[in-house]
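This report concerns only the one structure given below.
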């Protein structure tokens with residue numbers, strides 16, 4: 001920053017301050033004029049040099065001249081004496097005092113061009129100092145990136161050099177680190193992606209223009225943060241695997257949410273979640289799983305099921321039952337060209353319910369569009385929006401103190417021994433027959449594809465279906481019976 005006092009202190013110019021302004025104004029440029037109103041061409045911070053050619057010593061328009069420059073926020077007025085006026089006119093001094101605009105005298109031996117050159121030299125020297133300072137900050141940031149540097153320390157260094165408040169945001173929009181003055185509610189925030197996936201971002205708050213040196217410091221800091229957060233790939237892979245196993249345990253009902261304390265004691269899991277099934281090409285699924293993640297965005301898991309078609313893969317994600325969280329998850333999935341099935345909301349301890357509801361709707365997704373259609377808009381299916389009749393039935397059985405027991409009673413009345421609430425059959429046989437019945441429904445009743453999906457002979461499938469019809473006392477050739485059996489299976493999924 002070049003202040004007016006720096007210019008006035010140059011002995012070879014012989015400048016004399018006549019009227020001080022508010023503080024020591026910063027200089028940005030010099031302009032010479034004899035116009036009465038130059039304000040619309042000024043941006044603020046300029047020194048206006050004039051000899052008062054168009055006004056005599058008592059002209060009242062001196063007040064208007066100074067008023068217009070005050071509105072334009074000029075740094076000062078430099079008046080050259082000995083050309084048109086032997087001394088600075090009294091009305092000009094009075095107006096400068098009234099509007100608090102700095103006024104200095106330029107003696108006759110000093111040409112205006114000398115003042116302009118002096119300001120240019122001061123600005124050039126200041127730019128060199130700023131560039132050297134910015135280079136030193138960048139060097140410190142780069143040196144620290146080779147050591148054990150905390151992201152908060154990097155943010156503090158950037159903030160000190162730029163005067164901005166900053167925060168490091170994770171892939172789930174949580175604040176991983178920030179300076180003390182940063183607030184998530186601020187509106188004047190610029191976001192800088194720290195990786196190609198836009199999963200990790202640097203938030204820079206403030207509406208004052210950044211200098212070129214400030215921008216270079218932020219650029220260097222962004223590179224350092226990106227390198228630091230990518231870190232050791234081997235450890236990152238191990239950490240990712242631990243979170244995936246934890247997520248899989250929640251989805252399958254074999255784990256407890258309390259186990260998250262082992263992975264991260266400070267993480268707060270949401271009370272209610274949605275399981276999201278994601279389907280796409282094997283390459284797209286792999287790329288989606290590899291993106292940098294943090295916070296709750298790490299609740300992903302590969303599918304243990306066989307692909308529904310060659311070339312396709314399936315993965316799962318648990319996200320908070322919040323509109324913003326689901327929208328962000330679907331936005332990221334769409335960016336990887338993945339179709340999605342959003343499961344019903346459920347308590348996180350009962351994530352299996354949401355998982356089953358999404359799993360049951362997977363057949364709604366196309367098996368060919370991800371492989372052969374381009375460009376395309378990824379499909380999104382909502383388990384609780386795209387099956388209204390089923391949801392109405394589920395809602396009707398969700399009132400009262402024991403909704404799960406009520407749904408179990410309804411499903412048992414239809415499935416009989418095939419119900420998981422029944423004890424008439426061995427668990428292995430019950431699971432086998434239920435899987436067979438579900439496979440037939442998913443194959444639209446076609447027994448050939450159903451047998452192929454199950455990996456059994458058509459005659460084996462026929463024998464199993466005969467046993468199912470005998471146990472449930474319902475016929476698969478009757479549409480009413482088929483509807484009851486399907487709804488009973490779905491009720492069990494939600495129980």
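Residue numbers (UniProt numbering): 1 to 495. Quick reminder that beta carbons are idealized off the backbone N, C-alpha and C, glycines included. Just so you know, these numbers come straight off a predicted model, no measurement behind them.
Residue interval of the beta strand (DSSP E) (run including residue i)
i: residue 192; result: 189-193
i: residue 381; result: 380-382
Collapsed DSSP secondary structure at residue i in the structure displayed
i: residue 10; result: coil
i: residue 225; result: helix
i: residue 155; result: helix
i: residue 80; result: strand
i: residue 32; result: strand
i: residue 113; result: helix
i: residue 279; result: strand
i: residue 412; result: helix
i: residue 182; result: coil
i: residue 50; result: strand
i: residue 424; result: coil
i: residue 201; result: strand
i: residue 258; result: helix
i: residue 339; result: strand
i: residue 19; result: strand
i: residue 38; result: coil
i: residue 465; result: helix
Residue i vs residue j beta-carbon contact at 7 Å
i: residue 93; j: residue 19; result: yes
i: residue 10; j: residue 110; result: no
i: residue 420; j: residue 492; result: yes
i: residue 45; j: residue 26; result: yes
i: residue 179; j: residue 168; result: no
i: residue 205; j: residue 189; result: yes
i: residue 69; j: residue 47; result: no
i: residue 488; j: residue 371; result: no
i: residue 471; j: residue 417; result: yes
i: residue 321; j: residue 272; result: yes
Close Cβ partners of residue i (< 7 Å) along its chain, the five nearest in sequence each way excluded
i: residue 62; result: 55, 89, 91, 92, 95
i: residue 365; result: 279, 339, 341, 379, 381
i: residue 441; result: 486
i: residue 359; result: 277
i: residue 104; result: 8, 15, 16, 17, 18, 76, 78
Nonlocal neighbours in the same chain, by C-beta distance under 8 Å from residue i, ignoring five residues either side
i: residue 59; result: 89, 91
Contacts around residue i, its chain only, beta-carbon distance under 6 Å, and the 5 residues preceding and following it disregarded
i: residue 454; result: 439
Continuous alpha helix (DSSP H) stretch holding residue i: start and end
i: residue 313; result: Here residue 313 belongs to no alpha helix (DSSP H); instead the beta strand (DSSP E) covers 312-320.
i: residue 441; result: 427-442
i: residue 103; result: Careful: residue 103 lies outside any alpha helix (DSSP H), inside the beta strand (DSSP E) at 103-106.
i: residue 173; result: Taken as a continuous stretch (DSSP letters only), residue 173 belongs to no alpha helix (DSSP H), as it is neither H nor E.
i: residue 24; result: Premise fails: residue 24 is in no alpha helix (DSSP H) and is neither H nor E.
i: residue 359; result: 351-360
i: residue 301; result: Looking at the DSSP string, residue 301 is not in any alpha helix (DSSP H); the run it does join, the beta strand (DSSP E), is 300-302.
Beta carbon proximity, residue i to chain D, threshold 7 Å
i: residue 451; result: Considering every chain present, this structure includes no chain D. It has just one protein chain.
Residue burial classification, residue i (beta-carbon count within 10 angstroms, cutoff 16)
i: residue 457; result: exposed
i: residue 498; result: No answer is possible for residue 498: it lies beyond the span of the chain, which begins at 1 and ends at 495.
i: residue 292; result: buried
i: residue 313; result: buried
i: residue 248; result: buried
i: residue 343; result: buried
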